[in-house]
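J.: First residue of the sequence shown? That's 1 in the UniProt record's numbering, and the numbers climb one at a time after it.
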Amino acid sequence: MPDFPAHASPAFPAVASPRPQRRDRSVSELHLDHKRDQRTHPPLVSPAFTPPHTPFPEEDLRHDRQPRSVPVEPLDHDTHGEQARLLPKLPEVHCEVRARIPTTTGQEMFLHLYHNNVDDKEHLAIVFGPHIRSKSLDAPRPGETERDRMIRGAYVGTLYPGRTSSRLDQIRRDAGVPSPRPSAGFLGQLNGPVQQAIPPSPSASSEASTDGSEFESSYPLEFGPPLVRIHSECYTGETVWSARCDCGEQLDEAARLMSLPAPTPASTPGSDAGEHQLLPNEKLPSCGGVIVYLRQEGRGIGLKEKLKAYNLQDLGHDTMEANLLLRHPGDARSYGLATALLLDLGMGGDRGIKLLTNNPEKVRAVEGPNREQQLPKEQASPAMSTYGVQLRADLYNAPAIPINITLPDGTLGMWQPTVLTLISGQTSAVLVDTLFTHDQGVAIGDWLDETLGNKTLSTIYITHGHGDHWFNVPYLVTRFPGVEVVSTQESIDHMESQVAEKAFWDTVFPNQIDAAAFNTTIPVKPLLDNKFVLEGYTLEAINVGHSDTDNTTFLHVPALDTAVTGDIVYNGVHLWMTESPTQAEKDAWIKSLDELEAFNPGVVIASHHKPGGVDGAFNIEATRDYIRKFGQLAKEATNAKDLYEKVLAAYPERIGLAVLWLSCMAQFA
């Protein structure tokens with residue numbers, strides 16, 4: 001078999017995580033053994049599940065720039081901005097067919113194809129778990145036979161040669177498993193209009209209604225709110241390996257999370273083993289979830305216009321500017337279809353859903369015009385939780401702000417967007433890091449008031465000494481009396497150096513940082529044994545040494561399978577390499593990443609964070625790759641500007657050019 005280039009075929013079979021493949025060791029995800037495989041696989045016309053991981057670009061010469069104003073009036077002032085459109089009422093949707101899709105990860109999914117009354121597109125629902133079912137698909141149709149129902153996917157259990165019924169009672173009889181009395185609802189279907197087409201079960205009763213309960217979604221209550229990802233089609237990111245976006249990684253990470261194995265019946269509190277009796281050869285299900293795949297290419301503007309926007313981006317405009325210049329709204333997507341699909345799949349109700357997103361506008365839109373989809377306040381922000389654990393994590397997304405640094409092209413730079421993590425239990429919460437300007441502190445306080453509700457902010461943990469992670473502490477301590485601020489002793493010692501650098505902070509952020517931030521008495525207490533407890537759950541500060549500065553830590557939250565990494569990991573933004581100009585310091589940072597990776601966290605939350613970035617473990621490898629590439633390019637570059645341009649060409653999708661420019665200047669200082 002001939003060798004094919006990387007863009008034609010992945011070097012490894014697809015795995016359930018978007019983490020880039022490393023050639024120096026095997027990968028293990030979801031207890032699947034992905035052994036080293038040196039074979040080159042044949043090219044794929046269409047990948048079996050998702051495209052190979054987006055390769056890290058090396059030759060793309062697109063020159064990225066920071067956003068700036070564009071003298072263009074949008075066609076509709078109501079659509080000028082990032083807000084997704086809200087429909088006045090939910091559309092009508094109908095699932096036409098459902099099919100089981102084996103994947104290369106070993107986890108099956110069920111692909112549902114939908115028609116609707118608002119467009120002529122075929123939207124999809126990628127469903128993990130046979131317990132999630134479509135009401136419109138399972139509803140009987142006049143004149144159809146049992147074979148018709150099985151062909152369009154309206155069956156329970158698994159299809160196999162010789163099967164003649166779509167109903168569960170026949171499967172149980174064939175397998176020798178005692179069949180419980182059929183529900184009145186399903187028997188009602190058999191006595192309805194399709195009675196002649198679908199032979200009734202021998203145990204059919206006249207005590208019938210018409211709700212079809214045998215086919216209803218039965219998402220186990222003990223699993224908690226189901227995971228949901230609303231994903232818009234992206235041909236370039238999912239099929240042709242574009243490095244302009246991370247859509248492929250987001251899709252992979254959602255699938256990985258939904259493929260995690262479910263709790264076994266024996267370990268499920270309050271479960272009845274008799275209710276979970278498995279049929280022969282039946283596997284334990286995953287916790288499951290739904291990826292709603294909307295055919296809204298290019299934020300709703302279509303592939304042709306999206307490619308035009310790419311050309312405008314190469315001319316120096318960002319995504320928003322490009323859309324506006326093409327006379328499109330900044331975001332033409334609508335999520336009413338997603339809400340309607342979820343309701344058809346039985347998602348929602350009082351239990352709500354766990355929406356995998358960092359986009360607050362998506363949360364607002366998915367709730368529906370009349371809140372048909374319930375996302376309670378504590379669910380309505382980007383959040384994660386784990387089955388059986390009374391902890392949750394909410395993320396605060398702080399946008400980029402101007403910094404008094406002039407870039408090589410003469411424009412003013414922007415400080416990177418930042419994410420803060422709030423870990424809460426039933427009555428109290430821990431905030432990991434703060435921000436630094438006065439306005440940011442007020443905004444954090446307002447968000448905490450809204451998010452905490454009746455809970456108490458008991459602790460603020462600081463991951464490291466950089467001032468942009470703790471200068472808001474004096475303000476927040478005043479606003480939230482009784483809160484305790486803690487860190488490791490090494491990080492506290494490092495904070496003192498930031499106080500001494502007041503002149504630097506005043507220069508780059510003039511008149512924006514409270515004077516109290518530079519008091520010589522730092523209101524932070526050292527942790528004992530680098531651990532503290534939140535409502536019975538241990539949170540541990542892990543000191544890994546040098547990353548983007550000295551004495552950095554990450555907060556390990558085993559109960560949530562989460563690492564809040566501070567500045568050890570970066571998510572979609574340029575790294576602060578200013579304090580790592582030597583190869584020894586770069587190697588030390590990579591060693592810190594190795595130590596973090598050894599904890600095998602499922603969720604990795606970086607502080608500096610591109611809007612919409614997925615908090616997956618793949619960010620560890622992406623950060624490691626950037627450090628190595630930056631070091632390689634630094635050896636090839638002749639000066640700071642040359643290095644700046646080389647890194648831009650290698651990572652056109654990353655944002656935060658002010659940090660990149662400062663890093664390049666430090667490399668040649």
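All residues carry an ideal CB built from backbone N, CA and C; glycine is no exception.
1. Going by beta carbon distance, what residues of the same chain come within less than 8 Å of N116, once the five residues before and after it are set aside?
2. Please tell me whether, using a cut-off of 7 Å, the distance from the CB of F554 to the nearest non-hydrogen atom of the ligand ATP is below it.
3. From S497 to W505, what does the alpha carbon distance come to, in whole angstroms?
4. Using the Cα positions of T623 and Y155, report the straight-line distance between them to the nearest angstrom.
5. From the DSSP output, which residues share a beta bridge with W661?
6. In the DSSP assignment, the beta strand (DSSP E) including C95 goes from what residue to what residue?
7. Please report the distance separating the alpha-carbon of E540 from that of R149.
8. Would the segment 573-581 and the segment 442-450 be scored as touching if the rule is three or more Cβ pairs under 8 Å?
9. Count the other C-beta atoms from every protein chain shown that fall within 10 angstroms of the C-beta of D449, then say buried if there are 16 or more, exposed otherwise.
10. Give me whichever residues DSSP pairs with S232 in a beta bridge.
11. W241 and G413 look like a contact to me (Cβ under 8 Å); what is the Cβ gap, rounded to whole Å?
12. Output the distance between the C-alpha atoms of G656 and F668, rounded to the nearest integer angstrom.
13. Considering only the alpha carbon of each residue, which of F618, G612 and S607 lies closest to D594?
14. Using a Cβ-Cβ cut-off of 8 Å, state whether P417 counts as contacting chain C.
15. Let me know if P102 comes out buried or exposed under the rule of 16 or more other beta-carbons within 10 Å of its beta-carbon.
16. Starting from Y461, follow its DSSP beta bridges and name the residues at the other end.
17. For the pair the segment 602-615 and the segment 406-422, tell me if three or more CB-CB distances fall below 8 Å.
18. I believe S458 touches A429 by the beta-carbon criterion, under 8 Å. Please report the beta-carbon distance rounded to the nearest angstrom.
19. Around the Cβ of V659, are there at least 16 other Cβ atoms within 10 angstroms (buried) or fewer (exposed)?
20. With P596 and A563 assumed to form a contact (beta carbons below 8 Å), what rounded beta-carbon distance in angstroms separates them?
21. Check E540 in the structure and name its three-state DSSP category.
22. Between the C-alpha atoms of L257 and S487, what's the straight-line distance to the nearest angstrom?
23. Look up K525 in the DSSP assignment and say whether it is helix, strand or coil.
24. Are the CB atoms of S592 and T549 within a distance shorter than 8 Å?
25. Going by other Cβ atoms of all chains shown within 10 Å of its Cβ, with 16 needed for buried, is Y114 buried or exposed?
26. Which of helix, strand or coil does DSSP assign to N571?
27. With three or more beta-carbon pairs closer than 8 Å as the criterion, would you say the segment 401-413 touches the segment 471-489?
28. Which word fits E621, buried or exposed, when buried means at least 16 other C-beta atoms lie within 10 angstroms of its C-beta?
29. For R327, tell me which candidate among M347, S334 and K306 has the shortest Cα-Cα distance.
30. When the Cα atoms are used, what is the spatial distance from R295 to N571?
31. Using C-beta distances below 7 Å, list every residue in its chain close to Q583, excluding the 5 sequence neighbours before and after it, in chain order.
32. As an exercise, report each continuous alpha helix (DSSP H) stretch of at least 4 residues that is fully enclosed by the segment 630-655, in chain order.
33. Of the residues S663, G536 and N311, which one's Cα is nearest the Cα of R244?
34. Following the continuous alpha helix (DSSP H) through R256, name the residue where it begins and the one where it ends.
35. Grab the span of the beta strand (DSSP E) containing M414 for me, first residue to last.
36. Going by C-alpha distance, which of E653, C664 and S663 is nearest T319?
T.: With the structure as the only source:
1. P91, E92, V93, H94, H123, L337 and A340
2. Here there are no bound small molecules, and the ligand ATP is not part of this structure.
3. 12 Å
4. 46 Å
5. Answer is none; W661 lacks a bridge partner.
6. First-last of the beta strand (DSSP E) with C95: V93 to I101.
7. Straight across, the Cα-Cα distance linking E540 with R149 is about 53 Å.
8. Here the segment 573-581 does not lie against the segment 442-450, with fewer than 3 beta-carbon pairs under 8 Å apart.
9. exposed
10. L294
11. At roughly 30 Å, the Cβ-Cβ gap does not stay under 8 Å, so W241 and G413 are not in contact.
12. 19 Å
13. Of all alpha-carbon atoms in F618, G612 and S607, the one lying nearest the alpha-carbon of D594 is that of F618.
14. Structure shown: chain C not included; a single protein chain is present.
15. exposed
16. V432 and V486
17. yes
18. 7 Å
19. buried
20. Rather than Pro, the amino acid found at residue 596 in this sequence is Leu. Their Cβ separation, rounded to whole angstroms, is 6 Å, which keeps L596 and A563 in contact under 8 Å.
21. strand
22. C-alpha separation (whole angstroms): 31 Å.
23. strand
24. No, these two residues do not count as a Cβ contact at 8 Å.
25. Answer is buried; the Cβ neighbour count reaches 16.
26. strand
27. no
28. buried
29. K306
30. 26 Å
31. G631
32. As far as the segment 630-655 is concerned, its whole alpha helix (DSSP H) runs of at least 4 residues are 640-650.
33. N311
34. C247 to M258
35. L412 to W415
36. E653
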